[in-house]
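Asks: Dropping a structure here in structure tokens format, bear with me for questions.
Residue numbers (the working numbering): 126 to 343.
Have a look at this one:
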């Protein structure tokens, strides 16, 4: 392993429950309903695919409006309850830096949001180490962002490990040729998801101990 790539939401930040909640609430504002499973399917999903899904599901072009409402609801929530990091995330990042292990953040979130949320959660990340799907033509589950990440990191697929929590994320990393590790967040991987997972671990502590010779404890 030369470089490790971390997804952000659901891996380092405990934000996926909020996205799930506010997708569902935002849809209701426009007179529709979305079940939990449908909201979860949107995790890290490429915007064009999400827009297509919305049109097929609701028969109208409301994706942009719903997405903006979701952002609005999320920001209102953050005013009272700051974004939190996943357990062990800050310690793991510090330890990787101390051990000079090369790492990057590969995320579907825009860079401006990454900066706000990570700072709020107490994660000290170098902005140069953040690679967003907004910088490539296609988001997850397409491989584009991981191919770009490997180009920036200067590593080959067989030198890269990708840590993801969602089906879309794990498919993106596997399509790019990375060694994939899933840390399930809100859902356990399906049998189909497991086809794209080289490993599944339960949390960041297990990942740290098994791959980075870490002594991090819960």
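Cβ atoms here follow ideal geometry from the backbone N, Cα and C, with glycine treated the same way. Remember, it's a predicted structure, so these values are computed and weren't measured experimentally.
1. Taking only three categories from DSSP, how would you classify residue 134?
2. Can you look up residue 293 in the DSSP assignment and give me helix, strand or coil?
3. Assess, as a yes-or-no matter, whether the region 205 to 222 is touched by the region 247 to 263 under the definition of 3 or more beta carbon pairs within less than 8 Å.
4. Distance, Cα to Cα, residue 268 vs residue 231?
5. For residue 234 versus residue 134, is the C-beta distance shorter than 8 Å?
6. Given a threshold of 16 other Cβ atoms within 10 Å of its Cβ, counted over all protein chains shown, does residue 264 qualify as buried or as exposed?
7. Count the other CB atoms within 10 Å of the CB of residue 289; is the residue buried (16 or more) or exposed (fewer)?
8. One question on the structure: do residue 295 and residue 332 come within less than 8 Å of each other, judged by their Cβ atoms?
9. Would residue 236 and residue 228 qualify as a contact pair, given that the criterion is a beta-carbon distance under 8 Å?
10. From the DSSP output, in three-state form, read off residue 172 for me.
11. Need the endpoints of the beta strand (DSSP E) that residue 256 sits in, please.
12. Output needed for residue 310: all residues of its chain with C-beta closer than 8 Å, excluding positions within five of it in sequence on either side, in chain order.
13. Per DSSP, which residues does residue 155 bridge with? Please list them.
14. Output yes or no for whether 8 Å exceeds the beta carbon distance between residue 194 and residue 138.
15. Can you check whether the CB of residue 326 is closer than 8 Å to the CB of residue 335?
16. Let me know the secondary structure DSSP gives residue 230 once reduced to three states.
17. Pick out whichever of 203, 186, 337 and 330 has its Cα sitting closest to the Cα of residue 286.
18. Check whether the Cβ atoms of residue 148 and residue 167 sit closer than 8 Å, and answer yes or no.
19. For the beta strand (DSSP E) that contains residue 243, what are its first and last residues?
20. Report the rounded CA-to-CA distance for residue 274 versus residue 304, giving the unit in angstroms.
Replies: If we stick to the structure as given:
1. Sequence index remark: in the chain shown, residue 134 carries index 9 (1-based). DSSP places residue 134 in strand when its eight states are reduced to three.
2. On the chain shown, residue 293 is found 168 positions in, with the first residue counted as 1. In the three-state scheme derived from DSSP, where H, G and I count as helix and E and B as strand, residue 293 is classed as helix.
3. These segments touch.
4. The residue given as residue 268 occupies position 143 in the chain shown. The residue given as residue 231 occupies position 106 in the chain shown. Take the alpha-carbon of residue 268 and the one of residue 231: they are about 11 Å apart.
5. Looking up residue 234 in the chain shown gives position 109. Looking up residue 134 in the chain shown gives position 9. Taking 8 Å as the Cβ cut-off, residue 234 and residue 134 qualify as a contacting pair.
6. Counting from 1 along the chain shown, the entry for residue 264 is found at position 139. Taking all protein chains shown into account, residue 264 has 16 or more neighbouring C-beta atoms within 10 Å of its C-beta and is therefore buried.
7. Position 164 of the chain shown, counting from 1, holds the residue named residue 289. With 16 or more other Cβ atoms within 10 Å, it is buried.
8. Counting from one through the chain shown, the residue named residue 295 turns up at place 170. Counting from one through the chain shown, the residue named residue 332 turns up at place 207. Here residue 295 is not near residue 332, since their CB atoms are 8 Å or more apart.
9. Here residue 236 refers to the residue found at position 111 when the chain shown is read from its first residue. Here residue 228 refers to the residue found at position 103 when the chain shown is read from its first residue. Cβ distance not < 8 Å, so residue 236 and residue 228 don't count as in contact.
10. As a working note, residue 172 is residue 47 in the chain shown. In the three-state scheme derived from DSSP, where H, G and I count as helix and E and B as strand, residue 172 is classed as helix.
11. Counting from 1 along the chain shown, the entry for residue 256 is found at position 131. Where residue 256 is concerned, the enclosing beta strand (DSSP E) stretches over 255 to 257.
12. Residue numbering aside, residue 310 sits at position 185 when the chain shown is read from its first letter. Contacts found: 135, 136, 141, 290 and 291.
13. Here residue 155 refers to the residue found at position 30 of the chain shown. Paired residues: none, contrary to the question.
14. Position 69 of the chain shown, counted from the first residue, corresponds to residue 194. Position 13 of the chain shown, counted from the first residue, corresponds to residue 138. Not a contact, by the Cβ cut-off of 8 Å.
15. On the chain shown, residue 335 is found 210 positions in, with the first residue counted as 1. On the chain shown, residue 326 is found 201 positions in, with the first residue counted as 1. Yes, Cβ-Cβ distance for residue 335 and residue 326 is below 8 Å.
16. Within the chain shown, numbered from 1, the residue matching residue 230 stands at position 105. Residue 230: strand per DSSP, three-state reduction.
17. Position 161 of the chain shown, counted from the first residue, corresponds to residue 286. The alpha carbon of residue 286 has as its nearest neighbour, out of 203, 186, 337 and 330, the alpha carbon of 337.
18. Numbered from 1 along the chain shown, position 23 holds the residue referred to as residue 148. Numbered from 1 along the chain shown, position 42 holds the residue referred to as residue 167. Contact annotation: residue 148 and residue 167 have beta-carbon atoms nearer than 8 Å.
19. If you number the chain shown from 1, residue 243 lands on position 118. According to the DSSP assignment, residue 243 belongs to no beta strand (DSSP E) but to the alpha helix (DSSP H) extending over 236 to 246.
20. Taking the chain shown and counting its residues from 1, one reaches residue 274 at position 149. Taking the chain shown and counting its residues from 1, one reaches residue 304 at position 179. Going from the Cα of residue 274 to the Cα of residue 304 covers about 14 Å.
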